[in-house]
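Just so we're aligned, residue 1 is where the sequence shown starts under the UniProt record's numbering, counting upward by one. Glycine included, each C-beta is placed from N, C-alpha and C at the ideal position. Since the structure comes first, as structure tokens, the remarks are kept for the end.
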Amino acid sequence: MSTPNGFPQHSRACVTQSMEGGAVQDLQAKKAGKAAKKEAGGRVAIPTEGPVSVGTPVSETLKLLPEELKANMKIKSITPRPPRKPRLERAASLDEKSWRRWRRFRTSQESLTDHNDTSSSNGSLQEASPSPPNRGRASPCHPCCQQNSLHSSPDASEASAVGKSRGSTSDLGKRASEISSAFGGLLRGKAFAGGKPRLAQIMPARPLPPVELNVASHTLRTANRIDSDCLDYQHYSQHKFGRVSSSLSDTRLHGNGMVFDSCSTDSMKSTFSLLTPIRAKDVRSRSYLEGSLMASGALLGAEELSRYFPDRNIGIFVATWNMQGQKELPVNLDDFLLPTDPDYAQDMYVIGVQEGCPDRREWEIRLQETLGPHYVLLYSAAHGVLYMSVFIRRDLIWFCSEVEYATVTTRIVSQIKTKGALGICFTFFGTSFLFITSHFTSGDSKVNERKLDYNKTIQALTLPKNVPDTNPYRSSSSDVTTRFDEVFWFGDFNFRLNKDRETVDSILKQNPDTDVSRLLVYDQLTSEMSRGSIFKGFQEADIHFRPSYKFDIGKDSYDTTSKQRTPSYTDRVVFRSRYKDDIQAVKYSSCPVIKTSDHRPVFALFRVKVRPGRDNIPLAAGQFDRELYLMGIKRRITRELQKRREQKDQKSSSICSIS
Numbered sequence: 001m002s003t004p005n006g007f008p009q010h011s012r013a014c015v016t017q018s019m020e021g022g023a024v025q026d027l028q029a030k031k032a033g034k035a036a037k038k039e040a041g042g043r044v045a046i047p048t049e050g051p052v053s054v055g056t057p058v059s060e061t062l063k064l065l066p067e068e069l070k071a072n073m074k075i076k077s078i079t080p081r082p083p084r085k086p087r088l089e090r091a092a093s094l095d096e097k098s099w100r101r102w103r104r105f106r107t108s109q110e111s112l113t114d115h116n117d118t119s120s121s122n123g124s125l126q127e128a129s130p131s132p133p134n135r136g137r138a139s140p141c142h143p144c145c146q147q148n149s150l151h152s153s154p155d156a157s158e159a160s161a162v163g164k165s166r167g168s169t170s171d172l173g174k175r176a177s178e179i180s181s182a183f184g185g186l187l188r189g190k191a192f193a194g195g196k197p198r199l200a201q202i203m204p205a206r207p208l209p210p211v212e213l214n215v216a217s218h219t220l221r222t223a224n225r226i227d228s229d230c231l232d233y234q235h236y237s238q239h240k241f242g243r244v245s246s247s248l249s250d251t252r253l254h255g256n257g258m259v260f261d262s263c264s265t266d267s268m269k270s271t272f273s274l275l276t277p278i279r280a281k282d283v284r285s286r287s288y289l290e291g292s293l294m295a296s297g298a299l300l301g302a303e304e305l306s307r308y309f310p311d312r313n314i315g316i317f318v319a320t321w322n323m324q325g326q327k328e329l330p331v332n333l334d335d336f337l338l339p340t341d342p343d344y345a346q347d348m349y350v351i352g353v354q355e356g357c358p359d360r361r362e363w364e365i366r367l368q369e370t371l372g373p374h375y376v377l378l379y380s381a382a383h384g385v386l387y388m389s390v391f392i393r394r395d396l397i398w399f400c401s402e403v404e405y406a407t408v409t410t411r412i413v414s415q416i417k418t419k420g421a422l423g424i425c426f427t428f429f430g431t432s433f434l435f436i437t438s439h440f441t442s443g444d445s446k447v448n449e450r451k452l453d454y455n456k457t458i459q460a461l462t463l464p465k466n467v468p469d470t471n472p473y474r475s476s477s478s479d480v481t482t483r484f485d486e487v488f489w490f491g492d493f494n495f496r497l498n499k500d501r502e503t504v505d506s507i508l509k510q511n512p513d514t515d516v517s518r519l520l521v522y523d524q525l526t527s528e529m530s531r532g533s534i535f536k537g538f539q540e541a542d543i544h545f546r547p548s549y550k551f552d553i554g555k556d557s558y559d560t561t562s563k564q565r566t567p568s569y570t571d572r573v574v575f576r577s578r579y580k581d582d583i584q585a586v587k588y589s590s591c592p593v594i595k596t597s598d599h600r601p602v603f604a605l606f607r608v609k610v611r612p613g614r615d616n617i618p619l620a621a622g623q624f625d626r627e628l629y630l631m632g633i634k635r636r637i638t639r640e641l642q643k644r645r646e647q648k649d650q651k652s653s654s655i656c657s658i659s
């Protein structure tokens, strides 16, 4: 069917569609009622205020009509004209491949599209492809019409139409303004850009938190875990200590924190982890063998100390255990060395043994195997069957001085080395440490002999030897414990409870494990320390565990032999410091799960304050027992592989029966 001008009727819909695009077609769908009436009436004559002659250009009339009416009316005659600005986006949208892509996207978009044409704050999906042809209203365009629609544009309102308009001019003007504003909003949203659906830009709901580049944190001291909510040191130190010490390099990279404003520092931003970037000029000027206390280049100075220990406190584990000379070692030492109560492992482990096992090397391997690759054996020494081992985190060995040791025999016959003392000392940064493990005279009533052992030990231990005293003005030549900043003394002191076995048993049955205050009233060591006759200046943490002596081997019951020895607190850990409150006891307990001896191991956890030092001391220079380290790690790997193999064999050997 053709128009009076001879142009095919179905080309009329194509021209109209090219004029208004996808937005007009959406509006057509909203006014389905009007469209149905128009189709039922066939061609619509547009009434005007005056008669319009046939010779009047149709474009002159269409300019006066709203956009909505242009899209819905039936044009009697039309003269196609070439567009002013060719646009090929519409042709691409009508391609068969684009149409299939649009259909797939339309199907997946239905649940995401805002049906009220309102976009959300974070940017909802917006349809950017043109609307598909309306199957209920128009048939597919003729090829010739398709050719014309390829070059159509929103400016193609130059097309002419003849007819009469219905309704008042004010209603039409109002509708025209609404349609133009909606159409302009779509254009501003770039709904027709391209021919492909696009996602609106997604913005974060709130500003992202600033990234702190200061890597000096409280968690650098942890061995196996990193606390996720640990604050950056810059904020942590301001809150707790009121001062900030930037320690990212000796020259404090670009002031406070790291400011990457050069190529070299920009490259460092992505390469450094927890290691501090060091400038080349710092390496040239640094001298590790000399320097003042506060020198920026000092290895043991304040800046280096703050980098590793922002709060200048280290964790120390001190333990004592009388092994009773047993060859058999516990299967697992985890509960002894790595108790589950504190969240983190300690920085230093010092273990003293009395009546140690015959194979001392095997004992040290077991210690290394348990502590794992994070720790190395800084030093170990022995005096007969007295053993002491000092393990330290492997990244801290560079801040230790040379390690020295000395021994004292308290037996009348010096060749018998079952009783006596063993001392190990060294300086860590600027703080000197002394660790002493002792085995005093045994016997319920030999309190005086034990005090003599103590006095002989503090006078005969010749320490330090080459390492300088950090504070010689507060030292005494007659007491070795006054020549060090921090002193820990632990061992089997053999002090007993001055009470009969029946009374002690009744108290243990009546009171829970944590309430032992009634027993400590009869403790010999507590009484002697209160008088000042032994361990002068020393302190002991509160005791909340049951007596560590004497048990039946392999059992939790106290001595059931004919001797019926009274349970006692023979194994103790005491400490003293030159400075008040430098040592804080965190935990003091025993390990009841280890039952290979008649003594239970006793351990204590401490927080110890460390001060910066000078570089003019003899350094250990990273020295440690490398052979023991490798053997312990190999043993640890072998044990893990064996455990996995056993689990695999257990799974493969299991039989499932179906009834």
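If only uninterrupted beta strand (DSSP E) runs of at least 3 residues are considered, those enclosed by the stretch 548 to 631 are 571 to 577, 583 to 590, 602 to 609. Remark: C-beta atoms of F603 and F317 approach each other more closely than 8 Å. Per the coordinates, the alpha-carbon of N498 lies some 35 Å from the alpha-carbon of V390.
The C-alpha of T431 is placed about 14 Å away from the C-alpha of R474. S590 is a Cβ neighbour of F545, given a cutoff of 8 Å.
Setting aside the 5 residues that flank it on each side, F428 is surrounded in the same chain by F399, C400, V610, each with a C-beta closer than 7 Å to its C-beta; the list follows chain order. Apart from sequence neighbours up to five positions away, the residues of its chain that approach A541 with a beta-carbon distance below 7 Å are A585, Y588, A604, ordered along the chain.
Inter-segment contact for the stretch 561 to 575 and the stretch 484 to 499 is present: three or more beta-carbon pairs are separated by less than 8 Å. Of the other Cβ atoms in all chains shown, fewer than 16 fall within 10 Å of the Cβ of V283; this residue is therefore exposed.
Excluding five sequence positions before and after P358, the CB atoms of its chain that fall closer than 8 Å to its own CB belong to G325, K327, given in chain order. Close CB contacts of R483 within its chain, under the 6 Å cut and outside five residues either way in sequence, are with D469, S475 (chain order).
In the three-state DSSP reduction, S438 falls in the strand class (E or B). In the structure shown, I543 adopts coil according to DSSP, grouped into three states. Look at the stretch 420 to 465 and you find these whole runs of beta strand (DSSP E), each 3 residues long or longer: 420 to 428, 431 to 439. DSSP places A382 within a strand segment (E or B) once states are collapsed to three. W398: not part of any alpha helix (DSSP H); DSSP gives it neither H nor E.
Secondary structure of Y308 (DSSP, three-state): helix. Restricting attention to alpha helix (DSSP H) runs no shorter than 4 residues, the stretch 315 to 350 encloses them at 334 to 337, ordered along the chain. D492 sits in a strand when the DSSP states are folded into three classes. The beta carbons of L463 and A382 sit no closer together than 8 Å.
Distance from the CA atom of T560 to the CA atom of S568, rounded to whole angstroms, is 15 Å.
Looking at G443, I543, Q524, the one whose alpha-carbon comes closest to that of K563 is G443. In this model, C425 and K465 are separated by some 10 Å (Cα to Cα). When beta bridges are read from the DSSP output, E486 appears opposite F433, S577. Between H439 and G420, the beta carbon gap of about 7 Å places them in contact (Cβ cut-off 8 Å). The stretch 621 to 640 and the stretch 369 to 389 touch, with no fewer than 3 CB-CB distances between them shorter than 8 Å. Taking every protein chain shown into account, the CB of T457 has 16 or more other CB atoms within 10 angstroms, so this residue is buried.
Your pair T566 and R501 checks out as a contact, with CB atoms roughly 5 Å apart and the cut at 8 Å. Non-local beta-carbon contacts of R393 in its own chain, meaning distances under 7 Å to residues more than five positions away in sequence, involve A223, D347, H374, Y375 in chain order. When beta bridges are read from the DSSP output, V516 appears opposite no residue.
Setting aside the 5 residues that flank it on each side, Q539 is surrounded in the same chain by V574, F575, R576, each with a C-beta closer than 7 Å to its C-beta; the list follows chain order. Q354 has N322 as its beta-bridge partners, per DSSP. The Cβ atoms of P618 and E402 sit closer than 8 Å to each other.
Between E355 and V385, the C-beta spacing is below 8 Å.
Ranked by Cα distance from K417, the first of Y387, F435, S445 is Y387.
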